[in-house]
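Colleague:
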Amino acid sequence: MVQQLNTCPFYLVFDVSWSMKTVMPALNDCLRTLKNEICADPLLADVARVSLITFSDKANVKIPMTNLVYDNTIGEADFLSCEGGTSFAAAFTALKNQIEADVQAIKAEKPNDSVQRPLVFFVTDGDPLSDSEAAWRAAFDALTSAPIYPNIVPLGFGDVLEENLASIVWPKKRSETFYFIAKNGVGTPEAMKAIGQVVAQSVVSTGSSVRDGAPEVIIDDAGTQGALKKGFVADTVA
Numbered sequence: 217m218v219q220q221l222n223t224c225p226f227y228l229v230f231d232v233s234w235s236m237k238t239v240m241p242a243l244n245d246c247l248r249t250l251k252n253e254i255c256a257d258p259l260l261a262d263v264a265r266v267s268l269i270t271f272s273d274k275a276n277v278k279i280p281m282t283n284l285v286y287d288n289t290i291g292e293a294d295f296l297s298c299e300g301g302t303s304f305a306a307a308f309t310a311l312k313n314q315i316e317a318d319v320q321a322i323k324a325e326k327p328n329d330s331v332q333r334p335l336v337f338f339v340t341d342g343d344p345l346s347d348s349e350a351a352w353r354a355a356f357d358a359l360t361s362a363p364i365y366p367n368i369v370p371l372g373f374g375d376v377l378e379e380n381l382a383s384i385v386w387p388k389k390r391s392e393t394f395y396f397i398a399k400n401g402v403g404t405p406e407a408m409k410a411i412g413q414v415v416a417q418s419v420v421s422t423g424s425s426v427r428d429g430a431p432e433v434i435i436d437d438a439g440t441q442g443a444l445k446k447g448f449v450a451d452t453v454a
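Counting in the working numbering, the sequence shown runs without a single skipped number right up to 454 at its last residue.
1) How big is the Cα-Cα spacing for ALA293 and LYS237?
2) Note down, in chain order, each residue of its chain lying with its Cβ closer than 8 Å to the Cβ of SER303, except the 5 sequence neighbours on either side.
3) Excluding the 5 residues preceding and the 5 following ILE434 in the sequence, name in chain order all residues of the same chain whose CB lies nearer than 7 Å to its CB.
4) Tell me which same chain residues have a C-beta within less than 8 Å of the C-beta of ALA362, skipping the five on either side of it?
5) Under the rule that 16 or more other beta-carbon atoms within 10 Å means buried, what is GLY439, buried or exposed?
6) Look at the Cβ atom of LEU381, then the Cβ atom of ILE411, and state whether they are nearer than 8 Å.
7) Classify GLU253: buried if its beta carbon has 16 or more other beta carbons within 10 angstroms, exposed otherwise.
8) Let me confirm a value: PRO327 is counted as buried when at least 16 other C-beta atoms fall within 10 Å, else exposed. Which label applies?
9) What does the alpha-carbon distance come out to for the pair ALA182 and ALA305?
10) Would LEU296 and VAL339 qualify as a contact pair, given that the criterion is a beta-carbon distance under 8 Å?
11) Of the choices SER235, SER330 and SER267, whose alpha-carbon is the least far from that of LYS278?
12) In this structure, does DSSP put LYS237 in helix, strand or coil?
13) CB VAL229 to CB THR404, shorter than 8 Å?
14) Between the Cα of LYS389 and the Cα atoms of LEU335, ASN288, LEU259 and ALA450, which residue gives the shortest distance?
15) Just how far apart, CA to CA, sit LEU260 and ARG427?
16) Between the beta-carbon of VAL369 and the beta-carbon of TYR227, is there less than 8 Å?
17) Tell me which residue opens and which closes the beta strand (DSSP E) that ARG265 is part of.
18) Can you tell me where the alpha helix (DSSP H) holding ALA438 begins and where it ends?
19) Can you name, in chain order, every residue of its own chain whose Cβ lies under 8 Å from the Cβ of LYS446, other than the five neighbours on each side?
20) Take CYS246 as the anchor and find which of ALA430, MET408 and ALA321 has the nearest alpha-carbon.
21) Which first and last residues belong to the beta strand (DSSP E) in which ASN222 is found?
22) Could you pull out every unbroken alpha helix (DSSP H) segment of at least 4 residues lying fully inside the segment 284 to 364, listed in chain order?
23) Restricting to Cα atoms, I'd like to know which of ALA443, SER330 and VAL415 is closest to ARG248.
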């Protein structure tokens, strides 16, 4: 009998617009930390598949869905850099297309395995000034209404509006889904370090639950409560 395993796709969707210039080192550090944590545990690496999508006024798949053990992009040298404005529409459209392609590819590669619902960490320091509100909300609706919709955890700081972060949490379940935003008075470097910590810890914790046969989404914000506010979102009809 073939043993059925689980594979969990993770998407890191990082804003790399010009306003993110001062936090590029922290974003690169986040990726290095995550890769080191996953590669230290071969069983975890086998179930966790990671992709990096960056966005400014356009979106780019910087790291296609992969087992990070085989990644040659993340290394000692920083590779992320800033460019352009901020388009949520570009990010959501690229994410939808990648999820559809990646899940099919995973199923083809591992036909006896089950694929967990993708988990997305969406990191930004501002609002989508390159889009009309109608455009980015339409792209978000297309992403979240797709059959393979992802779980989305937004994390923000700087000039981002809290209401915009709250609106892109998905799905919206009371006390179960939330966003993170830098607390008032917290500096940009501290906020970005805390956000990177949440991302790395959550990928490792969620991936470990999949590895251990009891898959669940675990958003691990241990050690970041001083810098980040956790906002809860409920689905309401009125």
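Where a beta carbon is used, it is the ideal one built from N, C-alpha and C, also for glycine.
Modeller: Concretely, from the data shown:
1) 16 Å
2) PHE271, SER272, ASP273, LYS274, ALA275, PRO344, SER346, ASP347 and TRP352
3) SER418, SER421, THR422 and SER425
4) LYS312, ILE315 and GLU316
5) exposed
6) no
7) buried
8) exposed
9) There is no way to answer for residue 182, as the model of the chain reaches only from 217 to 454.
10) no
11) SER267
12) helix
13) no
14) ALA450
15) 6 Å
16) no
17) 264 to 271
18) That residue, ALA438, is in no alpha helix (DSSP H); it is neither H nor E in DSSP.
19) PHE394, TYR395, PHE396 and ASP437
20) MET408
21) 222 to 231
22) 304 to 325 and 349 to 360
23) VAL415
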